[in-house]
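The working numbering applies: residue 3 is where the sequence shown begins, and numbers increase by one. Note sheet for the following structure.
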Amino acid sequence: MSTALVHDYLNQRGGAERVFAHFVREWPDAPVYTALYDERAVGDLVPRERVRTSFVQRFPLRGRLFRAYAPFYPRAFEAFDLSAYDVVVSSTTAWAKGVFVRPDAVHVCYINTVSRFVFDAAQYVAGFGAGTFARPLLRQLAAWDVRAAQRPTRLVANSRNVAARVRRWYGREADVLPCPVDVERFTPGAGRGDYFIVVSRLLPYKRIDLAIRGCALAGVPLHVVGDGPDQRRLAGLARGTATTFHGRVDDATRNALLGDARAAIVPGEEDFGLVPLEAAAAGRPTIAYAAGGALETIDAGATGAFFGEPDARSLAAAIRGFDPARYQSARLRAHAEQYRPEQFRARLRAIVDETVAARRGATG
Numbered sequence: 003m004s005t006a007l008v009h010d011y012l013n014q015r016g017g018a019e020r021v022f023a024h025f026v027r028e029w030p031d032a033p034v035y036t037a038l039y040d041e042r043a044v045g046d047l048v049p050r051e052r053v054r055t056s057f058v059q060r061f062p063l064r065g066r067l068f069r070a071y072a073p074f075y076p077r078a079f080e081a082f083d084l085s086a087y088d089v090v091v092s093s094t095t096a097w098a099k100g101v102f103v104r105p106d107a108v109h110v111c112y113i114n115t116v117s118r119f120v121f122d123a124a125q126y127v128a129g130f131g132a133g134t135f136a137r138p139l140l141r142q143l144a145a146w147d148v149r150a151a152q153r154p155t156r157l158v159a160n161s162r163n164v165a166a167r168v169r170r171w172y173g174r175e176a177d178v179l180p181c182p183v184d185v186e187r188f189t190p191g192a193g194r195g196d197y198f199i200v201v202s203r204l205l206p207y208k209r210i211d212l213a214i215r216g217c218a219l220a221g222v223p224l225h226v227v228g229d230g231p232d233q234r235r236l237a238g239l240a241r242g243t244a245t246t247f248h249g250r251v252d253d254a255t256r257n258a259l260l261g262d263a264r265a266a267i268v269p270g271e272e273d274f275g276l277v278p279l280e281a282a283a284a285g286r287p288t289i290a291y292a293a294g295g296a297l298e299t300i301d302a303g304a305t306g307a308f309f310g311e312p313d314a315r316s317l318a319a320a321i322r323g324f325d326p327a328r329y330q331s332a333r334l335r336a337h338a339e340q341y342r343p344e345q346f347r348a349r350l351r352a353i354v355d356e357t358v359a360a361r362r363g364a365t366g
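Here you go:
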């Protein structure tokens, strides 16, 4: 059967792109359709020769302004001609689920999250400085998003948290398949540093501002790994604090920074909670806000701890009461090993095969 893969955009490197890289490995002959592609960012994950981009690839300043092109993405994905494929496997946080496939084809869509402009529009508007003028546009995009979510044959969510959102906002059931963790990229560290660490895209809803304030109140250094549109605001907020911004780093540096940290911090509500598992693979525990996907990937008292209120005082209290010595590196690593990529790929392949078999049975 001919198969195509689809992902929202491949011009940045984050958790969703690392997960999608396993789709690319599992279907090595399948072309990849995406709105945007930057070989410098993801060329080692998705080879250029396999990529088919949309008309948005020709837009100016697409590196910095790709989020501002949101009104064009529905059309970009609907315009892809996937009529030659029997099977389409997509990965999305917003757009890729909206592709059209043949009536007799199967489309399995892996949902990293329900689109944030659907369930958290106020934060989305505030986060990108769009202002109230954008609200009518976001309502149109949200309406399209709900329609698009009805198109795939089968939905697969990365967590129970996201599956519940799919049920609430899209009115559909989704299988749950946790994200894979590239455990081989990490070696357990000893936490010899005196600092805590945040590893994240610098986006407002990630609440890195809370981590900066919380660490400042607790009187501990914070290291921030990652880049994004919120960087300038966060740098201003961090003046006078013991916060170090590393920007985007390579895998070896990421591993070293995680392994030497006292603990990772996840200050906002995450869809899945990948960072706590990557920290565990590096032998380090996590302090996380007690909501969302982190509740599924942290074993309280064994692989991390929670703070209960989304404010700096609550986080600072958790930091002050945190004892890294109580967490065993081997236990942390074993926890991360449960999410190895081979298991993820085998289950994803099985879901696709089951869906194809069910479609064939239904059609005779």
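Ideal Cβ placement from N, Cα and C applies to all residues, glycine included. This structure is a prediction, so every number in the text was calculated from the model and none was measured.
Beta-bridge partners of residue i, as assigned by DSSP
i	result
R54	Y35
Y329	Y329 is not bridged to any residue.
C111	S92, L157
G306	T288, A302
G294	E272
L12	Y39
I199	H225, A266
A6	V90
D184	Its beta-bridge partners do not exist; DSSP assigns none.
D177	V158
Proximity below 9 Å, CB of residue i to CB of residue j
i	j	result
L212	A336	no
D196	R256	no
F57	E80	no
G17	V227	no
T245	P269	no
D273	S117	no
Three-state secondary structure assigned by DSSP to residue i
i	result
I210	helix
L84	coil
T357	helix
D106	coil
R277	Arg is not the amino acid found at residue 277; the sequence shown has Val there. Note: V277 maps to helix in three-state DSSP.
V101	coil
V26	helix
D1	Coverage of the chain is limited to positions 3 through 366, which leaves residue 1 absent and any answer about it impossible.
V21	helix
A192	coil
S316	helix
Residue i to residue j span [Cα, whole Å]
i	j	result
E311	A23	35 Å
E41	R328	42 Å
Q14	R234	18 Å
A368	F82	Any question about residue 368 goes unanswered here, given that the chain covers just 3 to 366.
A176	V201	28 Å
G275	G295	5 Å
G131	R66	Caution applies to G131, whose pLDDT of 48 falls short of 50 and renders its modelled position unreliable; the value that the coordinates give is listed next. C-alpha separation (whole angstroms): 14 Å.
L236	A32	40 Å
P180	Y11	21 Å
Y291	Y112	25 Å
- Query: Which ranges does the beta strand (DSSP E) cover as unbroken runs of at least 3 residues, wholly within the stretch 206 to 255, from first to last along the chain?
  - Reply: The beta strand (DSSP E) runs lying completely inside the stretch 206 to 255 and spanning 3 residues or more are 224 to 227, 245 to 249, given in chain order.
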